[in-house]
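2 protein chains.
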Amino acid sequence: MAPYVPGEQPRPGQELIKLNTNENPYPPSPKVRRAILAEATASLRLYPAPNADAFIDAAARAYRVRREMIIAGNGSDELLSMLFRAIVGVGDKVAYPQPTYSLYDTLAAIAEASVARIPLEPDYRLPLDCLADERARLTIVCSPNSPCGAVASHDALAALARALSDHLLVVDEAYVDFAESNALDLVRTCDNVIVLRTLSKSFSLAGMRLGLAFANPAIIQQLRKVKDSYNLNRLAIVAGAAALADLPWMRRNVERVRRTRALTERRLRALGFEVPPSQANFVLARLAGYDLAPLAAALRRRGILVRHFPKSIFRDALRVSIGRPSEMRALFDALAALLPSFHRNAERISGAPAPTSAG
Amino acid sequence: MAPYVPGEQPRPGQELIKLNTNENPYPPSPKVRRAILAEATASLRLYPAPNADAFIDAAARAYRVRREMIIAGNGSDELLSMLFRAIVGVGDKVAYPQPTYSLYDTLAAIAEASVARIPLEPDYRLPLDCLADERARLTIVCSPNSPCGAVASHDALAALARALSDHLLVVDEAYVDFAESNALDLVRTCDNVIVLRTLSKSFSLAGMRLGLAFANPAIIQQLRKVKDSYNLNRLAIVAGAAALADLPWMRRNVERVRRTRALTERRLRALGFEVPPSQANFVLARLAGYDLAPLAAALRRRGILVRHFPKSIFRDALRVSIGRPSEMRALFDALAALLPSFHRNAERISGAPAPTSAG
Numbered sequence: 000m001a002p003y004v005p006g007e008q009p010r011p012g013q014e015l016i017k018l019n020t021n022e023n024p025y026p027p028s029p030k031v032r033r034a035i036l037a038e039a040t041a042s043l044r045l046y047p048a049p050n051a052d053a054f055i056d057a058a059a060r061a062y063r064v065r066r067e068m069i070i071a072g073n074g075s076d077e078l079l080s081m082l083f084r085a086i087v088g089v090g091d092k093v094a095y096p097q098p099t100y101s102l103y104d105t106l107a108a109i110a111e112a113s114v115a116r117i118p119l120e121p122d123y124r125l126p127l128d129c130l131a132d133e134r135a136r137l138t139i140v141c142s143p144n145s146p147c148g149a150v151a152s153h154d155a156l157a158a159l160a161r162a163l164s165d166h167l168l169v170v171d172e173a174y175v176d177f178a179e180s181n182a183l184d185l186v187r188t189c190d191n192v193i194v195l196r197t198l199s200k201s202f203s204l205a206g207m208r209l210g211l212a213f214a215n216p217a218i219i220q221q222l223r224k225v226k227d228s229y230n231l232n233r234l235a236i237v238a239g240a241a242a243l244a245d246l247p248w249m250r251r252n253v254e255r256v257r258r259t260r261a262l263t264e265r266r267l268r269a270l271g272f273e274v275p276p277s278q279a280n281f282v283l284a285r286l287a288g289y290d291l292a293p294l295a296a297a298l299r300r301r302g303i304l305v306r307h308f309p310k311s312i313f314r315d316a317l318r319v320s321i322g323r324p325s326e327m328r329a330l331f332d333a334l335a336a337l338l339p340s341f342h343r344n345a346e347r348i349s350g351a352p353a354p355t356s357a358g
Numbered sequence: 000m001a002p003y004v005p006g007e008q009p010r011p012g013q014e015l016i017k018l019n020t021n022e023n024p025y026p027p028s029p030k031v032r033r034a035i036l037a038e039a040t041a042s043l044r045l046y047p048a049p050n051a052d053a054f055i056d057a058a059a060r061a062y063r064v065r066r067e068m069i070i071a072g073n074g075s076d077e078l079l080s081m082l083f084r085a086i087v088g089v090g091d092k093v094a095y096p097q098p099t100y101s102l103y104d105t106l107a108a109i110a111e112a113s114v115a116r117i118p119l120e121p122d123y124r125l126p127l128d129c130l131a132d133e134r135a136r137l138t139i140v141c142s143p144n145s146p147c148g149a150v151a152s153h154d155a156l157a158a159l160a161r162a163l164s165d166h167l168l169v170v171d172e173a174y175v176d177f178a179e180s181n182a183l184d185l186v187r188t189c190d191n192v193i194v195l196r197t198l199s200k201s202f203s204l205a206g207m208r209l210g211l212a213f214a215n216p217a218i219i220q221q222l223r224k225v226k227d228s229y230n231l232n233r234l235a236i237v238a239g240a241a242a243l244a245d246l247p248w249m250r251r252n253v254e255r256v257r258r259t260r261a262l263t264e265r266r267l268r269a270l271g272f273e274v275p276p277s278q279a280n281f282v283l284a285r286l287a288g289y290d291l292a293p294l295a296a297a298l299r300r301r302g303i304l305v306r307h308f309p310k311s312i313f314r315d316a317l318r319v320s321i322g323r324p325s326e327m328r329a330l331f332d333a334l335a336a337l338l339p340s341f342h343r344n345a346e347r348i349s350g351a352p353a354p355t356s357a358g
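Note that the protein sequences, when read in sequence, are chains A and C.
Counting in numbering that gives the first Met the number 0, the first sequence runs from 0 upward without gaps.
Counting in numbering that gives the first Met the number 0, the second sequence runs from 0 upward without gaps.
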């Protein structure tokens with residue numbers, strides 16, 4: 000079984016432009032630091048609140064969802080792990096698009112689940128109709144999806160939830176604050192929908208490991224049974240509460256990222272890449288049919304980290320997180336310098352499909 | 000399936016004497032706060048080191064164990080959960096003493112394991128010979144054990160590890176810094192031994208969720224496969240590293256707790272309790288044959304929290320964490336006031352065994 004392989008993390012002191020793990024280029028709200036300083040006292044000797052009450056209270060206020068419908072995770076990764084442990088038995092079917100967040104594969108392998116991996120539509124759209132046909136015990140839709148940034152519409156997700164009836168649908172909305180729509184309100188009307196959120200991206204808190212799951216209270220109860228007793232530490236709880244109490248800070252940074260994303264799409268297309276329109280804080284940049292591993296390595300040598308997925312059908316693409324404008328300019332300049340030589344030496348992937356229309 | 004039920008956590012602002020969840024009454028090293036302040040910056044926007052490198056490095060130095068033999072957990076609870084997920088399949092046998100840390104029951108139920116619960120010896124000793132006979136896929140010995148504080152000797156654990164040969168032995172040493180011996184060096188000589196430590200008790204960091212597992216590199220690799228990608232947040236990593244770099248601070252607090260423990264044993268015995276000698280930061284106080292739920296409730300009304308296990312064979316006992324001397328004096332005074340009335344009204348548990356010799 001292959002463990003999930005996260006993107007490279009620079010060692011302390013390494014000066015790199017980090018566009019590989021979809022972190023936010025802007026810092027978290029100053030209220031987060033103040034909350035941490037106030038909590039980092041002798042009280043660290045005491046266990047945290049088992050259900051992260053202050054964080055859940057803040058989430059209930061920020062999202063207007065009842066407390067009983069929310070559970071906190073040590074990152075949404077932990078919530079995904081809890082979902083598999085609570086719901087998926089050996090041999091149970093799990094369904095999700097392919098490609099998507101590769102952690103689902105790791106968790107399915109640990110659970111010894113049978114997996115239906117449904118290819119994306121040709122224009123990168125999420126294959127919701129085919130997912131409905133699978134009627135899996137657990138269906139997962141990452142929306143916006145990684146690595147291409149396509150979002151499933153609210154209506155399409157509602158229809159999928161209805162079609163799955165008593166089977167569970169997880170909508171992993173890790174990137175949804177960068178999108179134009181979200182599906183959170185489905186948890187109020189569909190008993191089989193679980194929406195996941197994280198503070199890692201839009202709230203600039205990847206380092207604090209803060210995730211939230213929203214669902215009907217019966218599902219939340221099931222998840223509590225497999226939750227570690229104290230899964231969030233004291234500082235994570237207050238940091239999460241402070242971040243959710245400062246939504247304007249998050250929204251301002253999201254706006255900056257969206258502006259830079261639009262610029263990035265234009266510039267990468269001008270450099271010859273196929274770039275599907277993204278609603279996330281990253282874009283996929285394809286040179287269809289060419290393995291871009293050498294290009295990623297060449298960028299790495301120039302101090303720029305982007306994500307290349309060597310085993311994916313998108314090995315002919317790079318996933319580029321949206322950084323600060325100056326970081327993106329460094330990327331565009333590096334690509335402009337590297338591409339002529341790349342094109343001289345590149346060979347087409349044998350048996351590669353024809354380039355896809357980016358819609 | 001019953002979830003693990005942690006001890007009561009007071010709400011913010013509640014003034015209680017908290018002797019119910021084995022926290023350290025003394026604060027963590029000031030170096031911990033300094034490390035947190037230095038890390039709670041814009042860098043929180045970045046993911047933490049997936050393998051908590053700085054914490055592992057500090058553990059390697061503090062315990063003189065190679066890095067490849069150490070993995071960090073979000074508390075040792077998470078390490079226990081990972082062990083079950085990595086090692087225990089449906090129907091596999093797991094063996095541990097009874098009573099012990101009740102989380103093992105919860106994890107075994109989630110894993111749908113078959114469980115051999117081996118009763119303690121009459122003098123509270125850990126039943127290592129009977130555990131060896133079970134030859135379970137996973138054997139767990141909490142040493143010192145909760146709730147009675149008995150420790151398994153190094154030689155006895157070494158013999159158990161040998162007897163289990165290729166089956167795994169977990170020695171959960173959550174409380175071992177308060178004891179006179181430990182079994183950590185067994186990981187160097189026995190390929191089937193996993194030793195768990197936590198910074199929750201002796202290092203006064205229950206609020207930070209910091210656990211460590213030590214074992215041969217092949218087992219550590221197996222655990223990495225089921226580990227969440229980023230299971231410790233940035234502040235936990237630096238807090239753990241700072242705490243392990245200040246062992247004298249920990250040892251001074253341990254010495255204070257041990258002195259108060261000796262006093263507590265004497266005083267509780269003088270009040271009529273049977274108190275097995277403890278090597279942990281808690282003691283068990285028994286009135287053999289009498290359900291102590293009413294006594295725990297009466298203490299609660301006086302603002303003193305102790306732990307009562309209503310479903311345990313030790314429901315005729317209270318587990319009392321060792322607090323500051325002033326907190327213990329408040330407990331002794333409250334018990335002295337409450338016991339006469341308790342004895343007038345108490346009825347023996349029907350079918351209760353005769354009082355056990357406390358050795």
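The beta carbon of each residue, even a glycine, is placed where N, CA and C say it ideally should be.
Between Y103 (chain A) and V140 (chain A), the C-beta spacing is not below 8 Å. Less than 8 Å divides the Cβ of V225 (chain C) from the Cβ of M81 (chain C).
With a threshold of 16 other beta carbon atoms within 10 Å, Q8 (chain A) meets it and is buried.
By the 16-neighbour rule on beta-carbons within 10 angstroms, P98 (chain A) is buried.
G271 (chain A) sits exposed, since fewer than 16 C-beta atoms from the chains shown fall within 10 Å of its C-beta. Looking at the backbone, the Cα of L286 (chain C) and that of G302 (chain C) are separated by about 22 Å. Taking a 10 Å sphere around the C-beta of T138 (chain C), we find 16 or more other C-beta atoms and assign the residue as buried. Buried is the label assigned to A53 (chain C), since at least 16 other Cβ atoms lie within 10 Å of its Cβ. In terms of beta-carbon proximity, V87 (chain C) stays away from the interface with chain A, with every pair separated by 8 Å or more. Inclusion of G148 (chain A) and A244 (chain A) in the CB contact set at 8 Å is not warranted, their separation being larger than that value.
The Cβ of Y3 (chain A) sits closer than 8 Å to at least one Cβ of chain C. With a cutoff of 8 Å on beta-carbon distance, P29 (chain C) and I236 (chain C) are scored as not near each other. In this chain, the alpha helix (DSSP H) harbouring F83 (chain C) covers 75 to 86. Between R233 (chain A) and Y229 (chain C), the CB-CB gap reaches or exceeds 8 Å. What M207 (chain C) touches in chain A, judged by beta-carbon distance under 8 Å, is L43, N232, R233, L234, going in chain order. Under the three-pair Cβ rule at 8 Å, the region 156 to 173 of chain C does not count as touching the region 337 to 344 of chain C.
Chain A places no beta carbon closer than 8 Å to that of V282 (chain C), leaving this residue out of the contacts. When the Cα atoms are used, A296 (chain A) and N344 (chain A) turn out to be separated by approximately 14 Å.
Inclusion of H307 (chain A) and A284 (chain A) in the CB contact set at 8 Å is not warranted, their separation being larger than that value. Chain A places no beta carbon closer than 8 Å to that of Q13 (chain C), leaving this residue out of the contacts. Counting only residues of its own chain and dropping the five nearest sequence neighbours on each side, R347 (chain A) has a CB closer than 7 Å to the CB of G288, Y289.
The beta carbon of L246 (chain C) sits closer than 7 Å to the beta carbons of A61 from its chain, once the five residues preceding and following it are set aside; these are given in chain order. Under the Cβ criterion of 8 Å, E22 (chain A) is counted among the residues facing chain C.
With 16 or more other Cβ atoms inside 10 Å of its own Cβ, R84 (chain A) counts as buried. Of the residues assessed, P309 (chain C) falls on the exposed side of the cut-off, its CB having fewer than 16 other CB atoms within 10 angstroms. The region 248 to 258 of chain A makes contact with the region 14 to 34 of chain A, as at least three CB pairs between them are under 8 Å.
Each residue's CA atom was taken as its position, placing L78 (chain C) and A57 (chain C) some 18 Å apart. Put simply, the backbone Cα of G210 (chain C) is about 26 Å away from that of I117 (chain C). Sorting C:S199, C:S42, C:Y3 by C-alpha distance to the C-alpha of N73 (chain C) places C:S199 at the top. Identification of chain C residues near D227 (chain A) by a Cβ-Cβ cut-off of 8 Å yields N73, G74, D76, E77, S80, ordered along the chain.
By a beta-carbon distance limit of 8 Å, A242 (chain A) contacts L204 (chain A). Their separation comes to about 6 Å. With contacts defined as CB atoms closer than 8 Å, A182 (chain A) and L156 (chain A) qualify as a contacting pair. If you draw a 10 Å sphere on the C-beta of Q13 (chain C), you find fewer than 16 other C-beta atoms in it, and that means exposed. Closest option to T197 (chain C), judged by alpha-carbon separation, among C:N215, C:L159, C:A240, C:Q220: C:A240.
Under the three-state reduction of DSSP output, F54 (chain C) falls in the helix class. Beta-bridge partners assigned by DSSP to L43 (chain C): none are found.
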